[in-house]
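Notes follow the structure.
Numbering (the UniProt record's numbering), first residue to last: 1 to 643.
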């Protein structure tokens, strides 16, 4: 926290004064402080009518969000002081409003270029559309052990800035939905060296930097514009968020004007009051506000790892060597079935049946969001729910799993997987249907395997020691030879440097997509089928770290140019709709992107699991709209396994 100064809650206090005065309301809203519900259709309306007492509008004493001069201005200043910003703006439309305002503030003319992390929230895409901007999509780094994406590497961003020196900024999402993150400081420094702002969608990191156990905030790492969902991980009402800015790279008067455009002219005073109260709570309690929630999170991690080895936990490895994943939100508990039997969707269903409601799930993981409001009672309830799941599955699954994942919850790929269904969406594991006696047999086999493993480890240590001595001697000889070779290579390198540099530059351009052909035969230019979106797919072309220019606009799709095909027949076709699994709200597929085999299989998996997808015309994901204008010859090489 930026200082030890404690303020009141000026906006909330003003609303309390209004309610206490008990004035006769001759202004909107029409519920008149809740009086419209004096004869309600439900036995109890107090939960809602109590809130209506402070649900007012812009009247004398309550200020105006779009032209703050009184209590709202004061509340926003207190928030900026707490979070370390130069200016803070209250958002009543969630982080979506902040993302839209930032994009519209930096992309002020049609065709302006913005560097954008590929796996961003849909609100970023909508902002690009509203701005009629061009995006250069950047491939995120992939954490090897989990397969989950974080932020683009510094090398990727540097190359994008080299290719697009006129870019208006860089926008990234950090942390991701799973609480994973990496360093932003280098990105901020690189952006500033090129005179462009770093914009961060920190929707899930509003609590960052407020306690020593939390990762460092984006503002503290040098970001220029940061959007935070105060309602997600702090204590505001849903839709309550904040936009923080600092530095000179953002036009703040333009930011305020854009916010007035994308936010309601009748902002919710209860939501704004909750933003004020959330900040006040943190100021009053300081770091103590987080202690109980953090203790509950730590107890859960420790207890699950020691007593419920059936479940793996997503955590940073002991080596910490993966640059894609260097920070973890302690309030995000990400579980998976280490036995490989239950998908994340199934884990969510089982937990919901037990009365514990997760935040989201995917094919492998279930994400549980804790916060400063989580209690030890909540943690114990979750633990008992997980324990019942293991007990009901049979003892055979609680035994022998110690060696299937490390203590950081990463599945050991060197071990043979359990004999469960290979389909993560197939429902209950086949082994769960066998007799309890098999569990005893597995336990006995595990004991034999443990004894054999101890003996094997002892033999391996002796062999490794002998090998280490041999390698040390070989290394000395190699170093002597290397000195001689280095001199010869230096002379040869000077002779061919000019020619080599020219060839290398040409090769680099080809690798980065300047002259390459798309895998479906399209030139690496703006798609002739759709001039509004990308032909670059993160699943299909992960080796392409920097995409071509991708224009966005508000022009609707022509129904005459698209057709619906089955998901099974979609591979190689060009998508005409945006498919957004929600949560987390990150588009899997954009209009204009070629549908790869991997993407097609993910769509089938989402359909089988019953996942909710926004943007899909067919809510059951049986069909997808694609463009008609398509050369059939381009699909000759595609799989026909299901045709």
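A virtual CB, placed ideally from N, CA and C, is assigned to each residue, including glycine.
Collapsed DSSP secondary structure at residue i in the structure displayed
i	result
residue 563	strand
residue 332	strand
residue 14	helix
residue 249	coil
residue 225	strand
residue 361	strand
residue 176	coil
residue 558	coil
residue 98	helix
residue 21	helix
residue 588	coil
residue 235	coil
residue 424	Reliability of the predicted coordinates at residue 424 is poor, the pLDDT of 37 falling under 50, and no value is obtained from them.
residue 128	helix
residue 35	helix
residue 59	coil
residue 8	coil
residue 255	helix
residue 219	helix
residue 64	coil
residue 415	Residue placement at residue 415 is poorly supported in this model, since its pLDDT is 30, which falls under 50; the coordinates are not used for a value here.
Candidates the options, of which the one nearest residue i by Cα
i	options	result
residue 29	47, 56, 41	56
residue 123	7, 262, 560	262
residue 334	324, 358, 353	358
residue 600	625, 619, 590, 569	569
residue 259	346, 98, 350	98
residue 195	227, 592, 161	161
residue 582	546, 353, 362, 572	362
residue 331	288, 205, 341	205
residue 224	267, 168, 240	168
residue 554	100, 129, 227, 76	129
residue 180	327, 350, 311	327
residue 561	587, 548, 591	591
residue 154	175, 174, 188	188
residue 125	299, 618, 550	550
Cβ-Cβ separation, residue j to residue i (assumed contact under 8 Å), whole Å
i	j	result
residue 82	residue 275	About 11 Å separates the two Cβ atoms, so there is no contact after all.
residue 135	residue 102	That belief does not hold up - the Cβ atoms of residue 135 and residue 102 are roughly 14 Å apart, past 8 Å.
residue 14	residue 50	With 8 Å as the limit, residue 14 and residue 50 do not qualify as a contact, their Cβ atoms being about 18 Å apart.
residue 235	residue 373	7 Å
residue 192	residue 80	In fact, because the Cβ distance is near 21 Å, the residues do not count as touching under 8 Å.
residue 574	residue 626	6 Å
residue 220	residue 84	6 Å
residue 75	residue 107	So it is not a contact: roughly 30 Å between Cβ atoms.
Where the beta strand (DSSP E) containing residue i begins and where it ends
i	result
residue 550	546-551
residue 201	198-201
residue 605	Here residue 605 belongs to no beta strand (DSSP E); instead the alpha helix (DSSP H) covers 597-609.
residue 120	Segment: none, residue 120 is in no beta strand (DSSP E) and carries neither H nor E.
residue 624	623-627
residue 316	Looking at the DSSP string, residue 316 is not in any beta strand (DSSP E), and its letter there is neither H nor E.
Opposing strand residues paired with residue i [DSSP bridges]
i	result
residue 90	242
residue 114	135
residue 582	For residue 582, which the question treats as bridged, DSSP gives no partner whatsoever.
residue 614	580
residue 368	333
residue 171	116, 199
residue 311	337
residue 181	327
residue 142	149
residue 260	DSSP, once it has assigned bridges, lists no residue as partnering residue 260.
residue 594	574
Residue range of the alpha helix (DSSP H) that includes residue i
i	result
residue 157	154-163
residue 188	185-193
residue 294	288-307
residue 53	Note, residue 53: premise wrong, no alpha helix (DSSP H); not H, not E.
residue 83	71-83
residue 109	Segment: none, residue 109 is in no alpha helix (DSSP H) and carries neither H nor E.
residue 68	Unbroken run through residue 68: none, as it is neither H nor E.
residue 271	269-285
residue 388	376-393
residue 40	Looking at the DSSP string, residue 40 is not in any alpha helix (DSSP H), and its letter there is neither H nor E.
residue 350	344-353
Residue i beta carbon near the ligand ATP (any heavy atom closer than 7 Å)
i	result
residue 579	The ligand ATP is absent from the structure shown, which contains no ligands of any kind.
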